[in-house]
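Take 7 as the starting number for the sequence shown in the working numbering and just add one per residue. Single-structure report; data block below.
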Amino acid sequence: MNRRRFLERIAAVPVASVALAGGSVESHAQGGSSPGGGRRFVGIQMGPHTLLDEGIEPCFDLIQRTAGVNAVLTYSHAFHGDLRKPARLLAADHGKPPRENRPPLPSVWVRHHDRYFTDTTLRVKPPDPALEYAGRDVFAEMLAPARRRGMKVYARILEGSGASITNFSSVVTVDVYGKPTRIGCWNNPQYRAFWRAVVEDLFRSYDLDGFQWGAERMGPLMNVILPWNDGAPTCFCEYCRARGRAKGIDVERARTGFEELYVYVRGLMSGKPRLADGVFTGFVRILLRYPEVLAWEYQYRLSREEVMRSMYEKIKSVKPSAEVGWHVDHQPSSWDLVYRAELSYEDMAPYSDFIKFIAYHDVLGPRIRWWYLDRFQKTILGELSLDESLNLYYNLFGYDKNAEPAVDELEAKGLSPDYVYRETKRSVASAAGKTKIYTGIGFDVPWGSNTIPGDPDEISSAVTRAFDAGASGIVISREYEEMRLRNLQAVGAALTARAG
7 MNRRRFLERI AAVPVASVAL AGGSVESHAQ GGSSPGGGRR FVGIQMGPHT
57 LLDEGIEPCF DLIQRTAGVN AVLTYSHAFH GDLRKPARLL AADHGKPPRE
107 NRPPLPSVWV RHHDRYFTDT TLRVKPPDPA LEYAGRDVFA EMLAPARRRG
157 MKVYARILEG SGASITNFSS VVTVDVYGKP TRIGCWNNPQ YRAFWRAVVE
207 DLFRSYDLDG FQWGAERMGP LMNVILPWND GAPTCFCEYC RARGRAKGID
257 VERARTGFEE LYVYVRGLMS GKPRLADGVF TGFVRILLRY PEVLAWEYQY
307 RLSREEVMRS MYEKIKSVKP SAEVGWHVDH QPSSWDLVYR AELSYEDMAP
357 YSDFIKFIAY HDVLGPRIRW WYLDRFQKTI LGELSLDESL NLYYNLFGYD
407 KNAEPAVDEL EAKGLSPDYV YRETKRSVAS AAGKTKIYTG IGFDVPWGSN
457 TIPGDPDEIS SAVTRAFDAG ASGIVISREY EEMRLRNLQA VGAALTARAG
């Protein structure tokens with residue numbers, strides 16, 4: 007099918023879908039079945055402010071009519087940062103123009119109750135009443151309109167800084183030099199209790215259908231060898247030290263090993279002379295001399311998973327029917343072999359009703375070019391050319407180098423729907439039938455100061471191939487406010503074609 011005919015087809019989706027089997031795109035999404043049986047899950051990620059900007063009912067009608075959405079995943083808390091984006095990055099065809107230079111928004115969109123926080127000294131700060139929408143109770147307002155349309159409502163949280171949390175400085179991680187950071191420690195009992203309190207409050211206060219939680223941060227090893235910033239490795243607080251000792255790890259050797267690795271990598275990045283034995287050899291040498299580094303890294307991951315399990319169990323104690331799952335961001339889904347090696351999705355299944363991994367094919371191109379290839383060339387893969395490193399990446403992750411772009415094409419071209427298929431198939435196999443896999447289909451995702459425009463042909467193909475690979479559902483991503491109408495219609499076209 008050529009591009010012109012495809013665009014004509016998706017423009018007619020709302021009409022054609024009514025004619026097909028007497029239904030709509032929405033009815034096909036609900037009537038289709040997932041590999042595990044039951045209704046095919048078609049979720050969409052959406053900011054609460056967007057719902058209120060566009061109007062809850064018109065917004066729900068649009069996403070259901072065009073993309074067959076039957077579940078809305080909305081932030082209950084914006085702990086990860088400011089929800090505002092420049093208007094140029096937002097879709098202008100939703101019926102309401104994007105807001106220019108809008109004032110600050112709340113970071114908390116629910117009403118909290120102290121009685122659920124008795125086991126922790128941390129508290130969620132209520133929003134400033136002067137902020138726009140601070141007086142609105144979004145989840146209370148959206149539940150009835152969603153129910154009328156057969157749509158489920160999920161709260162969604164990305165863990166982040168403590169700007170909206172009272173007493174957060176008492177639970178932060180500590181680096182190898184004994185300095186506190188600005189992120190929470192998974193082993194701190196107050197931080198663990200805080201997350202249990204947050205989810206209990208959510209599910210006792212609102213009749214939610216589900217919950218998605220994520221933390222977009224790497225483990226200490228990847229933070230050193232593929233750094234986002236200059237921060238020293240963590241965590242060596244009293245609770246992490248106690249855990250390490252209980253697991254038989256020599257804490258001081260772990261700390262020293264991480265410090266040596268950090269100093270070594272920072273030296274490479276600053277242009278210091280390389281070892282005669284080779285850059286990568288120097289990296290392996292430190293791991294051999296300090297195997298405690300790997301043991302410490304693994305305990306970091308297990309600690310994080312324990313926080314997730316704790317939230318899962320708390321939610322289930324309040325509402326057993328709630329679907330609880332996890333957001334796996336782009337790095338662990340698509341370029342972090344350490345994360346992949348530590349645990350399979352089957353390992354995570356006992357506390358996961360679903361795992362939603364990111365498979366944003368368009369923006370993965372520039373992300374791999376600058377967040378993976380460029381950084382690794384400055385650290386432990388400095389002996390490889392960018393072409394060699396990309397070839398290694400494709401081989402290690404099982405992507406088809408003949409179908410995917412070369413180095414000089416990554417920024418402009420992105421990866422193909424075949425990447426979505428392969429990563430979904432791997433994820434389904436990793437889950438071994440023990441939990442559902444939802445593929446995060448991403449489009450119109452900003453890169454830098456511009457949006458990478460989605461291609462309707464590729465979006466439709468990505469949706470189809472995700473289900474071909476065994477996905478139990480999809481989550482339309484990154485954010486609804488960024489999604490152009492024709493690309494939402496491309497999702498609907500794929501669902502309609504599959505149902506037909």
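Note that CB positions come from ideal geometry on N, CA and C, so glycine has one too. All figures in this text were calculated on a predicted structure; none of them were measured in a lab.
{"Asked": "Delimiting residues of the beta strand (DSSP E) encompassing Arg375", "Found": "Arg375 -> no beta strand (DSSP E), and no H or E assigned at all."}
{"Asked": "Completely contained alpha helix (DSSP H) runs for the segment 315-340, where each covers 4 or more residues", "Found": "336-340"}
{"Asked": "Extent of the continuous alpha helix (DSSP H) run through Ile1", "Found": "Residue 1 is absent from the structure shown; the chain starts at 7 and stops at 506."}
{"Asked": "Coarse secondary structure for Ala477, derived from DSSP in three states", "Found": "coil"}
{"Asked": "Complete beta strand (DSSP E) runs within the segment 131-204 (minimum length 3 residues, chain order)", "Found": "158-165, 178-180, 186-190"}
{"Asked": "Run of the beta strand (DSSP E) containing Leu267, from where it starts to where it stops", "Found": "Not the beta strand (DSSP E): Leu267 falls in the alpha helix (DSSP H), residues 257-275."}
{"Asked": "Buried or exposed by the 16-neighbour rule on C-beta atoms within 10 Å, applied to Ala500", "Found": "buried"}
{"Asked": "Cβ-Cβ distance between Thr80 and Arg162 below 7 Å", "Found": "yes"}
{"Asked": "Distance CB(Pro356)-CB(Tyr345) smaller than 7 Å", "Found": "no"}
{"Asked": "Helix, strand or coil at Val75 according to DSSP, with G and I counted as helix", "Found": "coil"}
{"Asked": "Pick from Asn408, Gln305, Leu267, Gly404 that is closest to Leu232, judged by C-alpha positions", "Found": "Leu267"}
{"Asked": "Environment of Ala98 [buried if 16+ CB atoms lie within 10 Å]", "Found": "exposed"}
{"Asked": "Where Asn173 falls, given that 16 or more other Cβ within 10 Å makes a residue buried", "Found": "exposed"}
{"Asked": "Paired residues, beta bridge with Thr457 - DSSP", "Found": "Pro452"}
{"Asked": "Of the listed residues Asp134, Gly273, Leu149, nearest to Gly288 (C-alpha basis)", "Found": "Gly273"}
{"Asked": "Residue from Gly420, Thr470, Gly49, Arg471 whose Cα sits closest to the Cα of Asp450", "Found": "Gly420"}
{"Asked": "Distance, Asp236 Cα to Val290 Cα", "Found": "21 Å"}
{"Asked": "First through last residue of the beta strand (DSSP E) which encompasses Ala545", "Found": "Nothing in the structure corresponds to residue 545, since the chain is present only between 7 and 506."}
{"Asked": "Range covered by the beta strand (DSSP E) that runs through Gly49", "Found": "47-52"}
{"Asked": "First through last residue of the alpha helix (DSSP H) which encompasses Ser433", "Found": "423-437"}
{"Asked": "As assigned by DSSP and simplified to three states, the class of Val290", "Found": "helix"}
{"Asked": "Inter-residue Cα distance where the pair is Met157 and Ser350", "Found": "31 Å"}
{"Asked": "The segment 442-458 / the segment 359-373 touching (three or more Cβ pairs under 8 Å)", "Found": "yes"}
{"Asked": "Beta-ladder partner(s) of Ile447, from DSSP", "Found": "Ile482"}
{"Asked": "Distance, Trp192 Cα to Arg261 Cα", "Found": "17 Å"}
{"Asked": "Straight-line Cα distance separating Leu281 from Gly388", "Found": "12 Å"}
{"Asked": "Reference Gly74; option with closest CA among Leu95, Asp143, Ala477, Ile50", "Found": "Ile50"}
{"Asked": "Contact under 7 Å by Cβ, Tyr318 with Asp207", "Found": "no"}
{"Asked": "Start-to-end residues for the alpha helix (DSSP H) that takes in Asn229", "Found": "226-231"}
{"Asked": "beta-carbon Leu300 near the ligand NAP non-hydrogen atom, thresh 6 Å", "Found": "The ligand NAP is absent from the structure shown, which contains no ligand whatsoever."}
{"Asked": "DSSP state of Val116 mapped onto helix, strand, coil", "Found": "coil"}
{"Asked": "Touch test, the segment 85-94 against the segment 468-483, Cβ-Cβ under 8 Å, three pairs minimum", "Found": "no"}
{"Asked": "DSSP beta-bridge partners of His83", "Found": "Val114, Ile163"}
{"Asked": "Through-space distance from Arg129 to Ala199, alpha-carbon basis", "Found": "11 Å"}
{"Asked": "Per-residue DSSP class, three states only, for Leu501", "Found": "helix"}
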